[in-house]
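Just so it is clear: in the sequence shown, position 20 is 29 by the working numbering, and no numbers are missing. C-beta: ideal position from N, C-alpha, C; glycine also. Comments concern the structure below.
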Amino acid sequence: MNRLQDKVAIVTGTGPLIGGAIAAGLAAEGARVVCTGLDEESVKPSVAAIEAAGGEAIAAIGDVTDPAHAPEVVEQAVARWGRVDILVNSAVWFHKRGLLTMTVEDYRRQLDVILGGSFLFTREVAMHMIDAGTHGSVINILSTAAWQGEPGNIGYSTGKSGLINFTRSAAMELARHGIRVNGFTPTVTLPDDPERARELVGLMAGPSEYPMNFQGLFPMGRLPTPQDYVPAVVFLASDESSMITGSNITVDGGATAKYWPWLSGSGQEGRLGP
10 MNRLQDKVAI VTGTGPLIGG AIAAGLAAEG ARVVCTGLDE ESVKPSVAAI EAAGGEAIAA
70 IGDVTDPAHA PEVVEQAVAR WGRVDILVNS AVWFHKRGLL TMTVEDYRRQ LDVILGGSFL
130 FTREVAMHMI DAGTHGSVIN ILSTAAWQGE PGNIGYSTGK SGLINFTRSA AMELARHGIR
190 VNGFTPTVTL PDDPERAREL VGLMAGPSEY PMNFQGLFPM GRLPTPQDYV PAVVFLASDE
250 SSMITGSNIT VDGGATAKYW PWLSGSGQEG RLGP
């Protein structure tokens with residue numbers, strides 16, 4: 010319960026799904042967490058949940074694409090706790106559009122949130138760590154859509170794919186400073202909240218230009234929940250992974266490892282949840 014004791018983490022995009030679960034997971038291991046987001050409505054519940062569990066957290070509201078925001082967040086963390094040890098780049102804008110339907114403005118915005126935000130926060134946190142002599146960890150949240158060709162989601166897939174080599178390049182530049190940069194790959198995620206999970210299942214089963222059937226296609230038999238991701242991210246944030254950089258950990262139930270024609274649920278009842 011104290012693998013991250015006395016460490017300070019910044020988690021961008023701390024919403025109700027992956028970002029919020031990661032923030033809570035880091036706090037449960039002793040980290041003090043700055044939860045960032047575009048508005049208070051998305052961030053405050055994460056802060057409240059961490060505090061209710063006995064942890065320490067503060068909110069930082071702003072747009073990750075604003076060059077002034079990252080310095081403000083780092084300054085806020087340092088003013089409160091004196092340091093920054095961990096950065097999780099989780100901010101994202103979900104806007105599913107295909108190549109033929111997405112506007113140029115929306116495409117640029119989506120890339121700016123995913124790639125631009127990660128660039129600005131990684132640079133600012135790295136400069137602080139170098140000045141402070143801190144050997145820290147940066148974790149970029151990727152996606153199985155970064156490794157495969159997902160139709161109808163061109164901006165998201167392109168942005169997340171770009172993060173793969175951003176992770177590698179940043180890792181090489183920052184290695185001499187003792188700063189590790191790694192990727193973490195989740196996949197389609199079933200919310201912990203049962204009501205939101207039912208809504209997602211209904212949405213995925215609905216009509217679409219590019220129909221997708223997740224039942225029977227996951228080798229592990231179900232979609233992961235945010236809690237399935239926490240141990241891997243905590244590991245990457247901790248000193249236990251001190252010799253891992255420029256790498257990636259995938260928690261996707263075997264989805265990206267599967268040979269594409271194989272229906273892994275054949276002969277058994279497929280399910281989306283536990």
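### Query
Which of the three DSSP states, helix, strand or coil, is assigned to L96?
Translated into the one-based positions of the sequence shown, residue 96 becomes position 87. Residue state, collapsed to three classes: strand.
### Task
Go to T194, then tell me how far its alpha helix (DSSP H) extends in each direction, as first and last residue.
On the sequence shown, position 185 is the one that residue 194 refers to. No alpha helix (DSSP H) holds T194; the beta strand (DSSP E) holding it covers R189 to T194.
#### Entry: V73 - DSSP class collapsed to helix/strand/coil
Your numbering for residue 73 matches position 64 in the sequence shown. Correct three-state label for V73: coil.
#### Entry: C-alpha distance - A33 paired with V17, whole-angstrom precision
To locate residue 33, count along the sequence shown from 1; it is residue 24. To locate residue 17, count along the sequence shown from 1; it is residue 8. Rounded to the nearest angstrom, the two C-alpha atoms are 13 Å apart.
### Closest by C-alpha distance to G171, when choosing among E249, L183 and L120
Numbered from its first residue, the sequence shown carries residue 171 at position 162. The shortest C-alpha separation from G171 is found at L120.
### Query
By Cβ distance, which residues of its chain are closer than 6 Å to E133, with the 5 residues on each side in sequence left out?
By 1-based counting over the sequence shown, the position of residue 133 is 124. Within the same chain, E133 has close Cβ partners A79, P80 and V83.
### Query
According to the Cβ coordinates, are E128 and F175 closer than 9 Å?
Taking the first residue of the sequence shown as position 1, residue 128 is located at position 119. Taking the first residue of the sequence shown as position 1, residue 175 is located at position 166. Here the sequence assigns Phe to residue 128, which means Glu is not the residue at that position. Taking 9 Å as the cut-off, the beta carbon of F128 is found closer than this to the beta carbon of F175.
### Task
Using a threshold of 9 Å, state whether the C-beta atoms of G161 and S217 are closer than that.
The count along the sequence shown starts at 1 and reaches residue 161 at position 152. The count along the sequence shown starts at 1 and reaches residue 217 at position 208. Yes, the Cβ-Cβ distance between G161 and S217 is below 9 Å.
### Message
Taking the beta strand (DSSP E) that T259 belongs to, which residues open and close that run?
### Response
By one-based count along the sequence shown, residue 259 stands at place 250. Start and end: N257 to T259.
### Message
DSSP three-state label for G279, please.
### Response
Translated into the one-based positions of the sequence shown, residue 279 becomes position 270. With a pLDDT of only 43 at G279, under the threshold of 50, the placement of this residue in the model should not be trusted; the figure read from the coordinates follows. When secondary structure is reduced to three states using DSSP, G279 falls in the coil class, being assigned neither helix nor strand.
### Query
What's the gap between the Cα of I258 and the Cα of G168?
Translated into positions along the sequence shown, residue 258 becomes position 249. Translated into positions along the sequence shown, residue 168 becomes position 159. Approximately 18 Å, taken between the alpha carbons.
### Query
Within this structure, are the beta carbons of V190 and I123 separated by less than 9 Å?
Here residue 190 refers to the residue found at position 181 of the sequence shown. Here residue 123 refers to the residue found at position 114 of the sequence shown. No, these two residues do not count as a Cβ contact at 9 Å.
### Message
Report the CB separation of L26 from P235 in whole angstroms; it is logged as a contact under 8 Å.
### Response
Locating residue 26 in the sequence shown gives position 17, counting from the first residue. Locating residue 235 in the sequence shown gives position 226, counting from the first residue. The Cβ separation is near 6 Å, so the contact holds.
### Query
Cβ of S250 within 9 Å of Cβ of S146?
Along the sequence shown, read from residue 1 onward, the residue named residue 250 stands at position 241. Along the sequence shown, read from residue 1 onward, the residue named residue 146 stands at position 137. Cβ atoms of S250 and S146: closer than 9 Å.
### Query
Under a three-way DSSP split, which group does I67 fall into?
The count along the sequence shown starts at 1 and reaches residue 67 at position 58. Strand.
#### Entry: Residues near S166 in its chain [Cβ-Cβ closer than 6 Å; skip 5 each side]
Residue mapping note: residue 166 aligns to position 157 of the sequence shown, counting from 1. Leaving aside the five residues that flank S166 on each side, the residues in its chain whose CB is nearer than 6 Å to its CB run, in chain order, A154 and E159.
### Task
Starting from N174, trace the beta strand (DSSP E) both ways and give me its first and last residue.
In the sequence shown, residue 174 corresponds to position 165, counting from 1. Following the DSSP letters along the chain, one finds N174 in no beta strand (DSSP E) but inside the alpha helix (DSSP H) bounded by residues I163 to L183.
### Query
Residues in its own chain within less than 6 Å of Y238 by CB, not counting five upstream and five downstream?
Position 229 of the sequence shown holds residue 238. Result list for Y238: P195 and V260, in chain order.
### Task
Look at G24 and V52 and say whether their C-beta atoms are less than 9 Å apart.
Locating residue 24 in the sequence shown gives position 15, where the first residue counts as 1. Locating residue 52 in the sequence shown gives position 43, where the first residue counts as 1. In this structure, G24 sits near V52, with a CB-CB distance shorter than 9 Å.
### Message
If you reduce the DSSP assignment to three classes, tell me which class T45 lands in.
### Response
On the sequence shown, position 36 is the one that residue 45 refers to. T45: strand per DSSP, three-state reduction.
### Query
Run through DSSP, which three-state label would S146 get?
Taking the first residue of the sequence shown as position 1, residue 146 is located at position 137. In the structure shown, S146 sits in a strand (DSSP, three-state: E or B).
### Query
What does A18 pair with, by DSSP beta-bridge criteria?
Your numbering for residue 18 matches position 9 in the sequence shown. Note: A18 sits in a beta bridge opposite V42 and I95.
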